[in-house]
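In the working numbering, the protein residues as written are 229 to 1113.
The structure is reproduced here in structure tokens:
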């Protein structure tokens, strides 16, 4: 105990500052003195009197005394501690000496041990060398011993069975889970041995073993069933594992699958009352194909839910879950999906081929989506089996030895689902079944759509060879006698043929609008074909898509080309040929040509965009498509050429007929006011009226290069007719005024020129300007006639070519001799020489015009542009040269 020095009463508070702990660690003298005198300084400042040092002296004296006592106490403790340290040092030195002796002893022991280990290792190496050659023999002996022991046990059990003694197995079976698993292995081996043994009473023993195996299997299956109903997954797993070791576990899987509520209660009928809209529109080609069917959607939804649940149960119960899931899913596809699919297809077939095909596509799309969803339940194999066990399992499941189930493949379920999907549709798509039905459906639809159209054109030309060809090709496209009868029935249903006698047929009267080409009809045909192409891509193998697409393209070309466009062109041509040549020409074929143009543009655009890309994987098929389509277009071009040429011939014939109505004295009128005031002659009025009708019809139905070529053909031909026509009539001076019209009044040549100028073709304007200038010959005085024909516009024409027209002047006899003397071409440097040289090409034109005959139209057919032009340019296939028609 430390003693304390008595402090003044006023400095008792310093006791806590004069402890030993105050001086431990960092100590500052200044701070310590300040802390001791801090209170005194405060009191001194507070007193108003003089400074009193006594409190300071007493406090510091007491503090010094206390510090001296603390110092003595510290010295005393230091001395005690030094004594303790000296004692500890002596003990430490003693202990270190003892440890040194111990380390020396251990080092000696390790040295001796190392020598002995070297000796033992050398001996072990020699022993190992001698035993290495015996290792394989020891392992072989061990395996043989195990086999011998197992064989002895099997012989023992076999002998017991031969004596009808099964007590040993019965006792083992009652030992619980491990006992049942041992019994399963023993029985499997006994069953195999019994089939190979050939001894007296072997059949009886074999029968006993088989009966016991059956009894054991029934017992395990009953136990599995009870556990299944109780919801005991652990015991179910034990039963499944035991039966797996017994015979592969096939019977256990079959019990599990067969008793599943999904297959017992899932008996479905078509839900017609809820799908009325679907079934009512299924056979309507203009309605959109169905996207879903309520019963099918419910079935697939239930399958997804059931598989989600069963995947968890199977993984918990069975030692081989991938195999069990494969069996379960195979049953789903082979039973549930296939049965309901057959119901839907049967009902769709009762409606039409289109209904059947739409249902087939609907099921395929929905089943494909289901397969992709079920692939998410892929289960990796966790239990390996010997090849013998795997083979036995497959044999017990299928009754044969099929290809391996790929038990160790991570994607076994995915592979099985793809196979099941393929097998589900094989009966409906293998070979040419699907394609034949698709072709027959399209033919039936097109036949019905064109029924009224075909009847009309048949009535226009009697027993039409084109119609007969259509019916024959429908039958050949169907591909078999059965489908031919169905196609004939379709034709009968649409009124194209009738099984009843001709006298009993009561067809509706045909109407003119029934035989008109329509872009809307072509669009419907293309829409139906596009739907068929979509089904073809969906249902056909990828390798068969090019050929199948080509087959469907032939059906489309036959319908829209042969049986629609060409039929209309042929009828129009027959009408023109049968028309009276003396009657006004019918220009309605130009409207037909316009429709042909639009339909062919639409058709070829569809082929380029939708058909050809599908054949890109087969160069050969694509080339055949291009050749076939080009030949079809060429055939339509030829028919259009013939029709347009026939229209041109009819127009030219009509214009020529009007010119023949010109009276001989039309251009030699009496010189009176009444004759001079008369307007154009009647042939001129008729020709101009006809040209205006032709112009309007052509501009309404043709455009671009086609319009230009057609109007040029008409204008050039009419120009030739006028040149020949003007050579037949003498003209007086008054008649020349009527013919050439130098005034503002309408006259023949001026009317012709004005009418042709509305065609908007520069080449024709130049030709008819020449005719107008030619009319001046009948007006000018004889004295200036020579200079007129050599120096002005006519100076470009050889004067010998103008002479037949000059001779028509009523006063030609007065200057004939002088004109013939100077008929030669002016010499070089003459006034008209430069002009004639400049336009020398026109004399060649004049010679050509004398013997000109109407030329065949040649309308170019460029390939399809990105947007449909207003001009008449029928398309051709890409990579094929276009040709005019």
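All C-beta atoms, glycine included, are put in the ideal place defined by N, C-alpha and C. Predicted, not measured: the structure shown is a model, and the values here were computed from it.
Going by DSSP, residue 452 is part of the alpha helix (DSSP H) stretching over 430 to 458. Distance from the CA of residue 478 to the CA of residue 600, rounded to the nearest whole angstrom, comes to 27 Å. Contact between residue 465 and residue 544 holds, with the beta-carbon distance rounding to 7 Å and staying under 8 Å. The C-alpha of residue 856 is placed about 27 Å away from the C-alpha of residue 874. With 16 or more neighbouring CB atoms inside 10 Å of its own CB, residue 685 falls in the buried class. Between the alpha carbons of residue 877 and residue 780 lies a gap of roughly 39 Å.
Distance from residue 817 to residue 806 at the Cβ level is roughly 13 Å; contact not present, criterion being Cβ atoms closer than 8 Å. With respect to the 8 Å criterion, residue 378 and residue 473 are not classified as neighbours on the basis of their beta carbons. Per the Cβ contact rule, the segment 755 to 765 is in contact with the segment 831 to 849 (3 or more Cβ pairs under 8 Å).
Boundaries of the alpha helix (DSSP H) harbouring residue 922: 910 to 929, taken from the DSSP string. Between residue 470 and residue 409, the C-beta gap is smaller than 8 Å, which places the two residues in contact. In this structure, 491 is the residue among 491, 742, 525 and 330 with its C-alpha nearest to the C-alpha of residue 564. Taking the CA atoms as reference points, residue 439 sits about 48 Å from residue 594.
Counting along the chain, residue 407 sits inside the alpha helix (DSSP H) bounded by residues 405 to 424. Closest in alpha carbon position to residue 486, among 508, 476, 290 and 453, is 453. Linking residue 432 to residue 375 through their CA atoms gives a straight-line distance of about 26 Å.
If you draw a straight line from the Cα of residue 881 to the Cα of residue 914, it comes to about 13 Å. Remark: C-beta atoms of residue 831 and residue 761 do not approach each other more closely than 8 Å. Residue nearest to residue 676 within the set 511, 568 and 824 is 511 (criterion: CA-CA distance). Here residue 955 is near residue 1033, since their CB atoms are less than 8 Å apart. Per the C-alpha coordinates, the member of 429, 987 and 980 positioned closest to residue 938 is 987. Our two residues, residue 301 and residue 339, have alpha carbons roughly 57 Å apart in a direct line. Of the residues assessed, residue 569 falls on the buried side of the cut-off, its CB having 16 or more other CB atoms within 10 angstroms.
Counting only residues of its own chain and dropping the five nearest sequence neighbours on each side, residue 687 has a CB closer than 8 Å to the CB of 738. The beta-carbon distance between residue 669 and residue 585, rounded to whole angstroms, is 6 Å. This is short enough to meet the 8 Å contact definition. Classified as buried, residue 521 has 16 or more neighbouring CB atoms from the shown chains inside 10 Å of its CB. Nearest Cα to residue 262 within the set 249, 276, 254 and 245: 245. When 768, 834 and 822 are compared, the shortest CA-CA separation from residue 785 is found for 834. Separation of the CB atoms of residue 382 and residue 421 is rounded to 6 Å, and the pair is thereby assigned contact status at 8 Å.
One Cα belongs to residue 283, the other to residue 268, and the distance between them is close to 7 Å. Between residue 546 and residue 475, the alpha-carbon positions lie close to 14 Å from each other.
By a beta-carbon distance limit of 8 Å, residue 591 contacts residue 572. Their separation comes to about 7 Å. Taking each of 917, 531 and 993 in turn and checking the Cα distance to residue 944, the smallest one comes out for 993. Residue 306 and residue 313 have their alpha carbons spaced roughly 10 Å apart.
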